[in-house]
Amino acid sequence: MPLKIYNSQTKQKEPFDPLNPPQVGIYVCGVTVYDSCHIGHARSMIVFDVMVRLLRFKGFQVTYVRNFTDIDDKIIARARQEEVDPKTLAEKYIQEFEDDMKVLGVLTPDFEPRATLHIPEIIGLVQKLVDQKAAYMVEGDVFFAVEKFSAYGALSHRTLEEMQAGARIEVDPRKHHPMDFALWKKGKPGEPVWDSPWGPGRPGWHIECSAMSSRYLGETFDIHGGGKDLIFPHHENELAQSMAVSCKPLARYWIHNGFVTIQGEKMSKSLGNFLTIQEMVRRFYPEAIRLLLLSRHYRSPLDYSDQAMQEAQMGLNRFYTLLKDLEHPEDRLQNKGNEPLVSERIKEAEEAVGRFKENFQQALEDDFNTAQAIGHMYELTRQLNRTMDTVRPKELKGLADPFNRAAGLLKQYGQLLGILTRPPQDFLDQEKTRLLNKKGLSAETIERLIAERNQARKEKDWARADGLRERLVEMNILLKDSPRGTIWQIEE
Numbered sequence: 019m020p021l022k023i024y025n026s027q028t029k030q031k032e033p034f035d036p037l038n039p040p041q042v043g044i045y046v047c048g049v050t051v052y053d054s055c056h057i058g059h060a061r062s063m064i065v066f067d068v069m070v071r072l073l074r075f076k077g078f079q080v081t082y083v084r085n086f087t088d089i090d091d092k093i094i095a096r097a098r099q100e101e102v103d104p105k106t107l108a109e110k111y112i113q114e115f116e117d118d119m120k121v122l123g124v125l126t127p128d129f130e131p132r133a134t135l136h137i138p139e140i141i142g143l144v145q146k147l148v149d150q151k152a153a154y155m156v157e158g159d160v161f162f163a164v165e166k167f168s169a170y171g172a173l174s175h176r177t178l179e180e181m182q183a184g185a186r187i188e189v190d191p192r193k194h195h196p197m198d199f200a201l202w203k204k205g206k207p208g209e210p211v212w213d214s215p216w217g218p219g220r221p222g223w224h225i226e227c228s229a230m231s232s233r234y235l236g237e238t239f240d241i242h243g244g245g246k247d248l249i250f251p252h253h254e255n256e257l258a259q260s261m262a263v264s265c266k267p268l269a270r271y272w273i274h275n276g277f278v279t280i281q282g283e284k285m286s287k288s289l290g291n292f293l294t295i296q297e298m299v300r301r302f303y304p305e306a307i308r309l310l311l312l313s314r315h316y317r318s319p320l321d322y323s324d325q326a327m328q329e330a331q332m333g334l335n336r337f338y339t340l341l342k343d344l345e346h347p348e349d350r351l352q353n354k355g356n357e358p359l360v361s362e363r364i365k366e367a368e369e370a371v372g373r374f375k376e377n378f379q380q381a382l383e384d385d386f387n388t389a390q391a392i393g394h395m396y397e398l399t400r401q402l403n404r405t406m407d408t409v410r411p412k413e414l415k416g417l418a419d420p421f422n423r424a425a426g427l428l429k430q431y432g433q434l435l436g437i438l439t440r441p442p443q444d445f446l447d448q449e450k451t452r453l454l455n456k457k458g459l460s461a462e463t464i465e466r467l468i469a470e471r472n473q474a475r476k477e478k479d480w481a482r483a484d485g486l487r488e489r490l491v492e493m494n495i496l497l498k499d500s501p502r503g504t505i506w507q508i509e510e
């Protein structure tokens with residue numbers, strides 16, 4: 019099916035029709051680098067990471083641009099608080115952000131422009147707006163005149179009156195209209211400044227993205243993205259200032275992801291209720307964090323809890339366990355003697371794999387519905403686990419093809435979500451170590467008890483063998499005797 023995308027500007031799903039196929043240009047607003055990033059930032063980065071992965075999977079040649087705001091009021095205030103240069107502070111948090119993204123498996127964009135490295139483009143764009151009377155200078159500041167742009171409010175679907183009524187900041191009396199916004203800010207003592215036709219100063223927040231997106235993607239590109247909180251004023255202002263110069267649409271599709279909340283309240287630095295990415299990866303597997311953040315549709319809010327995070331971690335464990343079992347199904351199968359004919363099981367497995375292949379892709383192509391796609395992964399896992407729990411070992415050969423296809427699809431589609439990237443046994447060994455440490459146990463102790471049990475069985479000392487098994491069960495250790503030896507796992 020063709021890819022459909024929900025466009026925030028039209029408020030409806032639309033078939034994806036790029037400007038110059040197979041090329042696709044994407045610009046996503048990045049972070050303002052004045053503090054550590056939290057899980058809300060992680061959601062936005064991971065959501066657009068999956069979108070880029072899917073577009074490339076479908077054969078599009080994607081140019082992905084994500085910026086850094088490295089000069090801003092918040093950066094200057096934090097630098098002053100920490101008694102460091104704003105550039106030094108920005109560099110510190112840019113490096114931290116890049117480290118966070120690497121740990122989370124987020125692909126590096128094709129371009130990561132910084133505002134301070136594009137001052138000439140910013141000044142050029144502001145000058146064009148001044149020349150066209152869409153902007154005006156007051157005492158070294160330059161403001162965009164919203165009343166000069168008749169379509170202002172088209173993205174956020176708000177009128178100027180509604181915007182003004184909802185404004186929470188004191189209006190600068192020098193503005194022609196209360197909603198006019200700064201394109202260039204006059205320099206203040208102790209702040210970084212750059213020379214400009216209007217005197218020393220620095221760029222406003224919104225103008226940097228218009229300048230950098232046009233620099234790397236042209237006046238019109240395919241997808242502009244970011245969090246829902248950017249619709250107004252940031253993206254509304256970007257759209258206005260860009261179109262005031264070019265008279266062309268800035269982006270064909272506007273995509274915005276929902277917030278991460280805690281107990282229904284938006285997670286944010288200003289509220290102090292945020293979890294940093296660094297804190298999260300110390301407690302949970304990065305792929306489990308991705309799984310949680312993709313478990314809700316990207317436009318919906320996601321309410322974080324430790325319980326939800328634990329469930330995502332267990333879900334990831336189930337997927338890796340299935341991959342391991344598909345590689346060595348003989349470890350799972352038991353001689354029960356009363357199973358249905360293997361032909362029925364082969365047919366069921368083949369149908370399950372076929373449905374999964376179709377349904378997973380359809381879910382992602384329907385406005386990047388990762389929640390539904392992950393649901394199909396869980397369904398395939400349940401169905402194949404049932405198959406392995408009922409088929410006879412001697413009939414295993416007939417299931418080799420659907421099992422191999424299932425493993426291949428899980429790995430391939432897992433890559434689209436940025437999960438299942440490790441060898442299954444490596445992950446499961448790490449999970450064993452984590453659970454052992456949590457329970458205060460050691461692998462050496464368990465292996466020794468298993469060896470003693472195996473020796474007792476060899477000597478046909480069934481009472482001792484059963485006693486050792488019971489002892490292991492009391493430690494929440496489950497045993498499975500397979501052709502490759504005794505396999506053990508831990509129950510949480």
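Mind the numbering: the sequence shown is residues 19 to 510 in my numbering, read in order. All C-beta atoms, glycine included, are put in the ideal place defined by N, C-alpha and C.
| Asked | Found |
| --- | --- |
| Contact under 8 Å by Cβ, S232 with I141 | no |
| Enclosing alpha helix (DSSP H) for W223 [first to last residue] | W223 to L235 |
| CB contact flag (I64, R466, <8 Å) | no |
| Same chain only: Cβ atoms within 7 Å of V211, ignoring 5 sequence neighbours per side | G205, P218, G219 and R220 |
| Any non-hydrogen atom of the ligand MG within 7 Å of D324 CB | As presented, the structure is devoid of all ligands, the ligand MG included, so that no description of it is given. |
| Chain-order list of residues whose beta-carbon lies under 6 Å from that of G245 (same chain, five-residue window excluded) | S62 and N275 |
| Beta carbon of K450 nearer than 8 Å to that of I495 | no |
| F199 to A163 span [Cα, whole Å] | 8 Å |
| Separation of L382 from L72, as counted between CA atoms | 8 Å |
| Three-way DSSP call (helix, strand, coil) for D384 in this model | strand |
| Complete runs of the beta strand (DSSP E) confined to the region 28-76 [at least 3 residues] | 30-33 and 41-46 |
| Cβ shell of K166 (< 6 Å), same chain only, five flanking positions each side left out | A152 |
| Candidates E179, V49 and L310: closest to E511 by CA position | Not covered by the structure: residue 511. The range shown for the chain is 19 to 510. |
| Minimum C-alpha distance to M519 - residue among I112, E116 and K203 | Coverage of the chain is limited to positions 19 through 510, which leaves residue 519 absent and any answer about it impossible. |
| A483 - partner residues in DSSP beta bridges | Its beta-bridge partners do not exist; DSSP assigns none. |
| Local Cβ density within 10 Å of G355, reported as buried at 16 or more and exposed below that | Residue confidence is low: G355 scores 48 on pLDDT, short of 50, so the model does not pin down where it sits. Its coordinate-derived value is still stated next. The residue is exposed, with fewer than 16 neighbouring Cβ atoms inside 10 Å. |
| Rounded separation between E254 and R96 - CA only | 27 Å |
| Proximity winner among K365, M181, I437 and F86, relative to R132 (alpha-carbon distances) | F86 |
| Exposure label - D5; buried when at least 16 CB within 10 Å | Outside the shown range of the chain (19 to 510) lies residue 5, about which nothing can therefore be said. |
| Inter-residue Cα distance where the pair is E109 and Y52 | 9 Å |
| The region 259-273 touching the region 295-304, judged by at least three CB pairs closer than 8 Å | no |
| Check whether G222 and L201 have beta carbons under 8 Å apart | yes |
| Whole-angstrom distance between D88 and I18, CA atom to CA atom | In this structure the chain extends from 19 to 510, so residue 18 is not present and cannot be described. |
| Cβ-Cβ separation, I295 to H56 (assumed contact under 8 Å), whole Å | 7 Å |
| Contact under 8 Å by Cβ, V263 with L173 | no |
| CB of H224 within 8 Å of CB of Q259, strictly | yes |
| Cβ neighbour criterion (16 or more within 10 Å) applied to W480 | exposed |
| Touching by the beta-carbon criterion (3+ pairs, under 8 Å), the region 380-396 and the region 68-83 | yes |
| P127 classed as buried or exposed, judged by whether at least 16 other C-beta atoms fall within 10 angstroms | buried |
| Residue from V46, S54 and D91 whose Cα sits closest to the Cα of M69 | V46 |
| 8 Å contact criterion, which A424 and V371 should meet: CB distance rounded | 5 Å |
| Residues near T81 by beta carbon distance below 8 Å, same chain, minus five either side | Q41, V42, G43, I44, D128, F129, Y234 and L235 |
| Exposure label - V491; buried when at least 16 CB within 10 Å | exposed |
| Q281 burial status per 10 Å Cβ neighbour count (16 or more: buried) | exposed |
| For T294, the residue or residues it bridges with in DSSP | H56 |
| Buried/exposed call for M332, threshold 16 Cβ in 10 Å | exposed |
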